[in-house]
Amino acid sequence: MVVYADVVFILNGCIDFLLLWLTSGIRKERTSILRLLFASFIGGLYATLHLWPNFTFAYTLPVKILSSILMIWIVFGYRNPIAFLRTLGVFYFVCFVTGGAMVALHYVVEGDSQVAGGILFTETKGWGSPVSWVFIMVGFPLVWLYTKFSFQSMKERDQIEQYMTAVKIQIQGNSFECTGLVDTGNQLRDPISRAPVMLVEMKQLMEYLPEEVHKMFLSKDWEQSWSEIPPEWMVKIRIIPYRAARNDSDMMIAFKPDQVEIWKDSQWNNVGKILIGIDVGELSTDGSYQAIIHPSCLSIVS
Numbered sequence: 004m005v006v007y008a009d010v011v012f013i014l015n016g017c018i019d020f021l022l023l024w025l026t027s028g029i030r031k032e033r034t035s036i037l038r039l040l041f042a043s044f045i046g047g048l049y050a051t052l053h054l055w056p057n058f059t060f061a062y063t064l065p066v067k068i069l070s071s072i073l074m075i076w077i078v079f080g081y082r083n084p085i086a087f088l089r090t091l092g093v094f095y096f097v098c099f100v101t102g103g104a105m106v107a108l109h110y111v112v113e114g115d116s117q118v119a120g121g122i123l124f125t126e127t128k129g130w131g132s133p134v135s136w137v138f139i140m141v142g143f144p145l146v147w148l149y150t151k152f153s154f155q156s157m158k159e160r161d162q163i164e165q166y167m168t169a170v171k172i173q174i175q176g177n178s179f180e181c182t183g184l185v186d187t188g189n190q191l192r193d194p195i196s197r198a199p200v201m202l203v204e205m206k207q208l209m210e211y212l213p214e215e216v217h218k219m220f221l222s223k224d225w226e227q228s229w230s231e232i233p234p235e236w237m238v239k240i241r242i243i244p245y246r247a248a249r250n251d252s253d254m255m256i257a258f259k260p261d262q263v264e265i266w267k268d269s270q271w272n273n274v275g276k277i278l279i280g281i282d283v284g285e286l287s288t289d290g291s292y293q294a295i296i297h298p299s300c301l302s303i304v305s
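Taking my numbering, the leading residue of the sequence shown gets 4, the next gets one more, and so forth.
Written as structure tokens, this is what we have:
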């Protein structure tokens, strides 16, 4: 087996650069390209030590930890122990995720690349077979991009979940629960009573509303459909004018529920006077919430 030190140095240096760059993006820590390059250079040199028997001590656990601490210190500096440890932890986590994904991908495609002593190298002649290099040069960036966007998606979801809460709606003696998102941009109110309007997906409401209300909503023929609505629902239905972003003015069917409660401070809180606006589409693309909560509801229960 022939292993070329320059190949090991370049390959692992590039991988270290991408891992440190991804760590910087996740932690939102600003750094410079020069710092990333210098730390990657140190990482590449460290990887080549595996090739010489005299440096086997370099791959003991304490030296591995010290080398990673040195790279993080070069890239991000040191402000306080908590921030430094958090950055170091994110770096380790990124390494574990991407490394595990690469190993899994390797077993799937049965490439020629190998992992030994904590470094990734190829068992080849000359500059390596096309299969192994394609696997490393294409596979790792794909794993890196997937990890990057996955972390971004997780962070965005965590930010959104801060504004999500459970909602309990009671209609004609029947109640159901769904998840609502507090939208500070939702200022929709009934123009007459000034009651706030909470948007709820129609599929959440279908089994609790009369069929005539469904038809009225779908046809939007207010005059003809109004006469077909059950008498007890005539006093509940409201027609609310609204204007969505980039759309012309339109009309929305809303109704007065028996009661709406929001889960806050580990208990259910009655939001008082409110209307439920029916939305025919899906409010969330991933189904994480089914209602848009008017911001005034939180001030009522606080």
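Every residue, glycine too, gets a C-beta built ideally from N, C-alpha and C. Quantities reported herein were computed from a predicted structural model and do not represent experimental measurements.
The three-state reading of DSSP puts residue 264 in strand, counting E and B together. Annotation: residue 174 to residue 87 spans about 53 angstroms, alpha carbon to alpha carbon. Around residue 200, the same chain offers 191, 192, 193, 243, 257, 278, 280 and 297 as residues with beta carbons nearer than 7 angstroms, after the five sequence neighbours per side are excluded. By the neighbour-count criterion, in which 16 or more other beta carbons inside 10 Å mark a residue as buried, residue 195 falls on the exposed side.
Ranked by how close their Cα comes to the Cα of residue 177, the residues 152, 202 and 263 have 263 in first place. Boundaries of the beta strand (DSSP E) around residue 168: 167 to 174. Within its own chain, the residues whose Cβ lies closer than 8 angstroms to the Cβ of residue 213, once the five positions on either side in sequence are excluded, are 232, 233 and 236, listed in chain order. Apart from the 5 residues on each side of it in sequence, residue 44 sits with its Cβ closer than 7 angstroms to the Cβ of 16 in its chain, given in chain order. For the pair residue 59 and residue 52, the Cα-to-Cα distance works out to about 8 angstroms. The shortest C-alpha to C-alpha distance from residue 302 to any of 286, 94, 285 and 274 is the one to 274. It is roughly 11 angstroms from the alpha-carbon of residue 91 to the alpha-carbon of residue 78.
Here residue 75 is buried. Its C-beta has 16 or more other C-beta atoms within 10 Å.
In the three-state DSSP reduction, residue 197 falls in the coil class, being neither helix nor strand.
Our two residues, residue 283 and residue 269, have alpha carbons roughly 31 angstroms apart in a direct line. According to the DSSP assignment, residue 207 belongs to no beta strand (DSSP E) but to the alpha helix (DSSP H) extending over 205 to 208. Residue pairing by DSSP puts residue 185 in a beta bridge opposite 296. Within the same chain, and ignoring the five residues on either side of residue 27 in sequence, the residues whose Cβ sits closer than 8 angstroms to its Cβ are 33, 34, 39, 78 and 79. Inside the region 63 to 107, DSSP marks whole alpha helix (DSSP H) runs of 4 or more residues at positions 64 to 79, from first to last along the chain.
Residue 38 carries a helical assignment under DSSP once its states are collapsed to helix, strand and coil. Your pair residue 267 and residue 187 does not check out as a contact, with CB atoms roughly 16 angstroms apart and the cut at 8 angstroms. Taking the Cα positions, residue 64 is about 14 angstroms away from residue 73. Counting every other CB atom within 10 Å of its CB across the protein chains shown gives residue 101 a total of 16 or more, marking it as buried.
Counting along the chain, residue 278 sits inside the beta strand (DSSP E) bounded by residues 278 to 282. Looking at 62, 69, 94 and 66, the one whose alpha-carbon comes closest to that of residue 19 is 94.
The alpha-carbon separation between residue 25 and residue 82 amounts to approximately 20 angstroms. Looking at the DSSP output, residue 179 shares a beta bridge with 172.
Note on residue 97: 16 or more other CB atoms within 10 angstroms of its CB, so buried under the neighbour-count rule.
Spanning the alpha carbons of residue 70 and residue 172 requires a straight line of approximately 57 angstroms.
A check of alpha carbon separations from residue 290 across 22, 239, 166 and 183 identifies 183 as the nearest.
Taking C-beta separations shorter than 6 angstroms and ignoring five residues to either side along the sequence, the partners of residue 202 in its chain run 280, 282 and 295, following chain order.
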